[in-house]
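Engineer: Each residue of the sequence shown is one higher than the one before, counting from 1 in full-length UniProt numbering.
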Amino acid sequence: MDHIEKKIIETIDSKRDVILSFAKDIEQHPELGFEEKRTAGCVEKIFRDLDLKVRTSLARTGVRGDIKGKEGPNVTIIGEMDGIVCWSHPLADPKTGAAHACGHHAQLAAMAGAAMALCEKEVRASLDGGVTFFAVPAEEYVNAEKRRRIKELQIGFPASGKSELIRTGELDHTDIIMTTHVHMIPCKEKLYLGNAASNGFTAEVVNIQGKAAHAAINPWDGVNALSIATSAIQMMGLMRETFREKDHVRLHNVIRKAGEVINSVPEEAVVETKVRAADLERIQAVRKMIDRAYDGAAYAFGGKIRREILQGYMPVRFRPADTALIEAARDLKVPARCAVEEDFNDACTDVGDLTHLFPVLNFTFAGTEGSLHGADFKVTDEDTAYILPAKMLALSVYKLLKEQGKEAKKIIDSYHPVFSRDSYVEYIKEQFHI
1 MDHIEKKIIE TIDSKRDVIL SFAKDIEQHP ELGFEEKRTA GCVEKIFRDL DLKVRTSLAR
61 TGVRGDIKGK EGPNVTIIGE MDGIVCWSHP LADPKTGAAH ACGHHAQLAA MAGAAMALCE
121 KEVRASLDGG VTFFAVPAEE YVNAEKRRRI KELQIGFPAS GKSELIRTGE LDHTDIIMTT
181 HVHMIPCKEK LYLGNAASNG FTAEVVNIQG KAAHAAINPW DGVNALSIAT SAIQMMGLMR
241 ETFREKDHVR LHNVIRKAGE VINSVPEEAV VETKVRAADL ERIQAVRKMI DRAYDGAAYA
301 FGGKIRREIL QGYMPVRFRP ADTALIEAAR DLKVPARCAV EEDFNDACTD VGDLTHLFPV
361 LNFTFAGTEG SLHGADFKVT DEDTAYILPA KMLALSVYKL LKEQGKEAKK IIDSYHPVFS
421 RDSYVEYIKE QFHI
């Protein structure tokens, strides 16, 4: 470990109380996607206190702080701001149900701690490249109704914060992105290094039109929209045997509306359906199967279907642990496990979209217990959940950018993107009719 690396660790240790206070404050004031105004204000204050070049209101609530270093590659550290609706969580907001039951407050604390270390005068002078700290909105799923409201506020891609930031060019400057999260797949070690592949998804809102009639006197004159919905969902269940294990297909349905009054045949039903799978082609193939289920059920009963296709997230592309991450964990003498191709995360994240345009260096960390998105989720080890990832981020950035950015340039040269920004935007517009 060289002098600068020791300085990074010393700086974060000296700021421990500040980092913990920040983390707890964010945890106790959770906000939902695209509404993280208070959270954004707290992040902005940290950035301004560090004399970063700050920009705000990006993708509505995003906050960006930049270190303009010497000429060289740029590394962007991402911290997600939003909570998730979990009314039963003990720290849930009583008005919105928002809770940090996915640990995003820990990401923000780690990003803030890394910024404190990398802005230290001697450390900053040692960086052969630039660093961006980006607090981003809306990683968690945004439902159809909210998307419509957000779109009216000039958010072009309202599915997620990262997608909108790609669309608007706010990530055009960067070469490498760093992300972190609490553990998302089983891992007994404190650190999991690398990006396990994960599912992507798409969703749709299906409006089913039937015909009202008195439920007792003449139900035969009606067309039961709820029966169409439940028949389609039953067909989806029977389709499951056709899903290959390697495709990791998951289906979710929520019936948003199922008629108005109990003594009338339901005239309208609304179902929101989500399809997850391991690659873009399979997602689209399963979505077509789902569409046939709805269309067939409507035909059988004599109803009509209207659907709205919703943008989802792209699958995360597998990336093994990079040298910078491995060396940082070794310097910290922390047990770590490296990602292998057999690892798979059935959940989805909009980090997947980033992996199709940028090399994304990722690690996850322990220090929590309970179920992700559940009422029992909580931080149990503050040093592992807040301080350790801050050190990992800062050390990794330094290792990438020292020596004229030698390690960063290796990663950039070996990475093959699936999309440019323009082709990504075109793909999203074409697939989801945005």
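Every residue, glycine too, gets a C-beta built ideally from N, C-alpha and C. Quick caveat, the model's predicted, so the values are computed rather than measured.
What does the Cβ neighbour count give for residue 311, buried or exposed, with the cut at 16 atoms within 10 Å?
Structural biologist: Label assigned to residue 311: buried.
Engineer: Report yes or no: do the region 353-364 and the region 162-181 share at least 3 C-beta pairs separated by less than 8 angstroms?
Structural biologist: Yes, the region 353-364 is in contact with the region 162-181.
Engineer: Taking DSSP as the reference, what is the three-state secondary structure of residue 62?
Structural biologist: Correct three-state label for residue 62: strand.
Engineer: Starting from the Cα of residue 109, find the closest Cα among 415, 420, 393 and give me that residue.
Structural biologist: Answer by Cα proximity: 393.
Engineer: Should residue 279 and residue 163 be called a contact, given that it needs their Cβ atoms to be closer than 8 angstroms?
Structural biologist: Contact: no.
Engineer: Assign residue 424 to one of three DSSP states: helix, strand, or coil.
Structural biologist: Note: residue 424 maps to helix in three-state DSSP.
Engineer: Of all the beta strand (DSSP E) runs that stay within the bounds of the region 80-163, which reach a length of 3 or more residues?
Structural biologist: Runs of the beta strand (DSSP E) inside the region 80-163: 130-136.
Engineer: Is the distance from the Cβ of residue 328 to the Cβ of residue 372 below 8 angstroms?
Structural biologist: No; because the gap between Cβ atoms is not below 8 angstroms, this pair is not in contact.
Engineer: In three-state DSSP terms, what is residue 3?
Structural biologist: DSSP places residue 3 in helix when its eight states are reduced to three.
Engineer: Quick check on residue 107: buried or exposed, where buried means 16 or more other Cβ atoms within 10 Å of its Cβ?
Structural biologist: Buried.
Engineer: Between the C-alpha atoms of residue 376 and residue 197, what's the straight-line distance to the nearest angstrom?
Structural biologist: Residue 376 and residue 197: Cα-Cα distance of roughly 26 angstroms.
Engineer: If residue 111 sits next to residue 83, beta carbons under 8 angstroms apart, how far is it from one beta carbon to the other, in whole angstroms?
Structural biologist: The Cβ separation is near 16 angstroms, so there is no contact.
Engineer: Between residue 176 and residue 339, is the Cβ-Cβ spacing less than 8 angstroms?
Structural biologist: Cβ distance not < 8 angstroms, so residue 176 and residue 339 don't count as in contact.
Engineer: Let me know the secondary structure DSSP gives residue 187 once reduced to three states.
Structural biologist: It is coil, neither helix nor strand.
Engineer: I'd like to check one pair, residue 225 with residue 293: are the Cβ atoms closer than 8 angstroms?
Structural biologist: No, they are not a contact pair.
Engineer: To the nearest angstrom, how far is the alpha carbon of residue 398 from that of residue 118?
Structural biologist: When rounded, the distance between both Cα atoms is 8 angstroms.
Engineer: Please report the distance separating the alpha-carbon of residue 235 from that of residue 287.
Structural biologist: Approximately 13 angstroms, taken between the alpha carbons.
Engineer: Taking the alpha-carbon positions, what's the residue 253 to residue 425 distance?
Structural biologist: Computed Cα separation, rounded: 28 angstroms.
Engineer: Cutting at 6 angstroms between CB atoms, please list the residues of its own chain near residue 70, excluding the five before and the five after it.
Structural biologist: The residues are 128.
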